[in-house]
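There are 2 protein chains.
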Amino acid sequence: MDLGELSRQPGEWLAGTGPEADIVISTRVRLARNLAGSSFVPNADAGERHAIAATVSAAIGAAGLADVEYLPLENATRLDRLFLLERHLISKELATGEGDRGVAFNRGEARAIMVNEEDHIRIQALRSGFQPEEAWRDVDEVDSRLERSVGYAFSPEFGYLTACPTNVGTGMRASVMLHLPALVALKQIEKVFQSVSKMRLAVRGLYGEGTQAHGDFYQISNQHTLGRSEQDILGDVSRVVPPIVRYERRARELWAEQDRASLEDRCWRAYGMLSHARRINSEETMDLLSAVRMGVNLRLIPDLPLRAVNDLFIMCQPAHLQKREGQELPDDVRDVARAAFIRDRLSRN
Amino acid sequence: MDLGELSRQPGEWLAGTGPEADIVISTRVRLARNLAGSSFVPNADAGERHAIAATVSAAIGAAGLADVEYLPLENATRLDRLFLLERHLISKELATGEGDRGVAFNRGEARAIMVNEEDHIRIQALRSGFQPEEAWRDVDEVDSRLERSVGYAFSPEFGYLTACPTNVGTGMRASVMLHLPALVALKQIEKVFQSVSKMRLAVRGLYGEGTQAHGDFYQISNQHTLGRSEQDILGDVSRVVPPIVRYERRARELWAEQDRASLEDRCWRAYGMLSHARRINSEETMDLLSAVRMGVNLRLIPDLPLRAVNDLFIMCQPAHLQKREGQELPDDVRDVARAAFIRDRLSRN
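Order-wise, the sequence lines are chains W and X.
In terms of numbering that gives the first Met the number 0, the first sequence has 333 at position 334, counting the first letter as 1, and numbering is strictly consecutive.
In terms of numbering that gives the first Met the number 0, the second sequence has 162 at position 163, counting the first letter as 1, and numbering is strictly consecutive.
See the structure below:
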């Protein structure tokens, strides 16, 4: 797998073609699974981890999953691990972990399987826009295919057994990444969080648990799985997301009605800065891209495809920049390279 | 005189063609004169002011000054007075004063004569770039022509008598408007002020005494005239300005050597904001134009003539915007009109 090649084009799930793609970036469903008869990862020594990785990677190879390749991470560079994290193919935990571990994913990056993260196996399916059922069906299929060659740790009473009690049961987490710039700007986002947390759902930042919300992106996902079926969890997510999408749309409309000049100004200044800056850090880039993304979706900024903006969010991350340049770069050099990359991309549209 | 027409094009002294025009915007020399036998303006009642205005405006008409027209201000609208102030044709004092008063100026606005400001007559000559001798010769010629038909208050001991003691003697003030963005950015501007004040010169903001420095513009002028000849004053200014111009150039070079990316970033972001904002106030406009002006002079921003940038500084002022729109506008509407005007102007270049 050539990550340098990969760094030139993000995954298909960023296409911006799914339902509600103006506000819902992507839907992700993941399943946590563990091999029967092996220690959970936190308790496994190096030898056990090695054996688990061998078993799971062999099972992946045998599962007949189109286009899926396994990438071992124990000897991967820091930069490659950060790159996969930026792409949402692996978690922070897998990126910074130790011992034999890895990730398998297909070319379009809609499917990924982490090995020896917190659990032996973490299967994820990613979809553009709001597609919980489709993502669930996909991850379920991968799960069934893997189960042909490995035995899962399963209790008739509790369901799938996992390293952390919050995942016991279905082992499932369904999460939806939302872009909520107007709710943030109009200071209504806290209300959304309050209503979400009442429904046993959690709000997280862009790169999952413990990460900050940048660029007005928020992930909403279920908190617990014990005692709940896959359909219960999908139902929770399917009930809470559409109203949030409507709130965000309403906030944008209100903003446009009450102070159209300030809304346009916000979007266009962001575009002006991105298309002219000669040095820019990740965080500012995310914030400005957020405003541009809203401007594109509101048709204030014409002629710029949503896909181009979605791509930039990923392509401007530090490891992506460095992979494209073919080397590690100090912060200030990276900020200059990022600005040049953004100008080039925006001038093509 | 049609001020609406005037509002579409600033005076010739902004051409940016004079010596050191990258840093010296303009040179101004003014003479304060009073009619012999009349009360000074502060002590003159309405009738006396009326008589003075009549005498001086008649003298201006008789002086054979090409293209010069007298504009009475006692019945001018607030907007017209603000407009003339923004154009540097009248002072704040004349704009906000009372009673019969006015200003005469020629089409290119290189010459202006205020009537019943602090003194009965204030003659000014404005030149592009650093041209103290030329401005002095010009103002001296106007002075001589006026003196043919009016008698000046003059004391063999003190020289020309003026309403304020600081002007007694030559009645002359020579001032130079400087653009010093790098000295401001590199925090060396205070040092410049200290050395200037040691030389009996004063530093003021863009619109003269008591006004703030916006857009990194500073006026340097002589403080006193008593006991000093016109050539002494011109000599002071001629000695102090060239070193400041060199300091500013050196500061720009240093900035470019030590952190070229930040210098380019400053200039281009300013250009990006100005060419994309949908709402912008005067002050921010000045600050951004200042960075763009430096970028043009350093050839970082090509294809944008210095004249276009100089023009924008004047044309974006509140009264200019409102004169062009043909009506008074509330602040927020003005900010939207300003942004539209700037975008239009920049897109032409």
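We put the beta carbon where it would ideally sit given N, CA and C, even for glycine.
Owing to the predicted nature of the structure, the values given are computational and were not obtained by experimental measurement.
In the DSSP annotation of this structure, the continuous segment of the beta strand (DSSP E) that includes Met-176/W starts and ends at 171–178.
Not flagged as an interface residue toward chain W: Ala-181/X, since no C-beta distance is shorter than 7 Å.
Boundaries for Thr-95/X: no beta strand (DSSP E) harbours it, while the alpha helix (DSSP H) harbouring it runs 91–95, taken from the DSSP string. For Gln-130/W, there is no enclosing alpha helix (DSSP H), as DSSP marks it with neither H nor E. Where Asn-105/W is concerned, there is no enclosing alpha helix (DSSP H), because DSSP gives it neither an H nor an E.
Val-236/X is not bridged by DSSP to any residue.
Selection Ser-154/X, Ala-250/X and Arg-203/X evaluated against Lys-186/X yields Ala-250/X as nearest (Cα-Cα). Using beta-carbon distances, Gly-271/X counts as an interface residue toward chain W, with a partner under 7 Å. Membership of Gln-218/W in the beta strand (DSSP E) is indicated by the continuous run 216–221.
By DSSP's assignment, Ile-120/W forms a beta bridge with Arg-32/W and Val-114/W. Contacts with chain W at 7 Å (Cβ-Cβ) do not include Asp-286/X. Restricting attention to beta strand (DSSP E) runs no shorter than 3 residues, the region 44–81 of chain X encloses them at 68–71, ordered along the chain. Closest by C-alpha distance to Thr-54/W, out of Ile-120/W, Thr-16/W and Pro-41/W, is Ile-120/W. Excluding sequence positions up to five before and after Met-285/X, its CB lies within less than 6 Å of the CB of His-213 and Gly-214, all in the same chain and listed in chain order. In this structure, Ala-318/W places its C-beta atom within 7 Å of the C-beta atom of Leu-81/W.
Apart from the 5 residues on each side of it in sequence, Leu-30/W sits with its Cβ closer than 6 Å to the Cβ of Ile-122, Val-138, Asp-142, Gly-170 and Met-171 in its chain, given in chain order.
For Tyr-246/W, the closest alpha carbon among the candidates Asp-330/W, Glu-19/W and Ile-279/W is that of Glu-19/W. In the three-state reduction of the DSSP assignment, Ser-154/W falls in the strand class.
Inclusion of Thr-26/W and Ala-134/W in the CB contact set at 7 Å is warranted, their separation being smaller than that value. Of the other Cβ atoms in all chains shown, fewer than 16 fall within 10 Å of the Cβ of Asp-1/W; this residue is therefore exposed. Close to Asp-310/W, with beta-carbon spacing below 7 Å, lies no residue of chain X; the smallest spacing is near 21 Å. Interface annotation for the region 239–271 of chain X against chain W: Ala-260, Ser-261, Glu-263, Asp-264, Trp-267, Arg-268, Tyr-270 and Gly-271, criterion Cβ-Cβ distance under 8 Å.
Within the DSSP secondary-structure output, Arg-27/X pairs in a beta bridge with Leu-125/X and Ser-174/X. A distance below 6 Å between beta-carbons, with the five flanking residues on each side excluded, links Val-28/X to the following residues of its chain, in chain order: Ala-124, Ala-134, Trp-135, Val-138 and Ala-173. At a cut-off of 7 Å between beta carbons, Arg-278/X contacts chain W. Measuring C-alpha to C-alpha distances from Leu-253/W to each of Arg-7/W, Val-23/W, His-49/W and Ala-184/W identifies Ala-184/W as the nearest.
With its beta carbon less than 7 Å from one in chain W, Val-335/X belongs to the interface. With fewer than 16 other Cβ atoms from the protein chains shown falling within 10 Å of its own Cβ, Asn-74/W counts as exposed. For the options Arg-306/X, Pro-301/X and Lys-190/X, the alpha carbon positioned closest to that of Gln-8/X is the one of Arg-306/X.
Taken in chain order, the complete alpha helix (DSSP H) segments of 4 or more residues contained in the region 281–319 of chain X are 281–296 and 305–314. In the displayed model, Ala-14/W falls within coil according to three-state DSSP, outside both helix and strand. Membership of Leu-5/X in the alpha helix (DSSP H) is indicated by the continuous run 2–5.
In this structure Asp-118/X touches Thr-161/X by the C-beta definition: roughly 5 Å separates them, less than 8 Å. Residues of the region 32–64 of chain W whose Cβ lies closer than 8 Å to any Cβ of chain X: none.
Under the Cβ distance rule, His-223/X does not count among the residues neighbouring chain W, no pair being separated by less than 7 Å.
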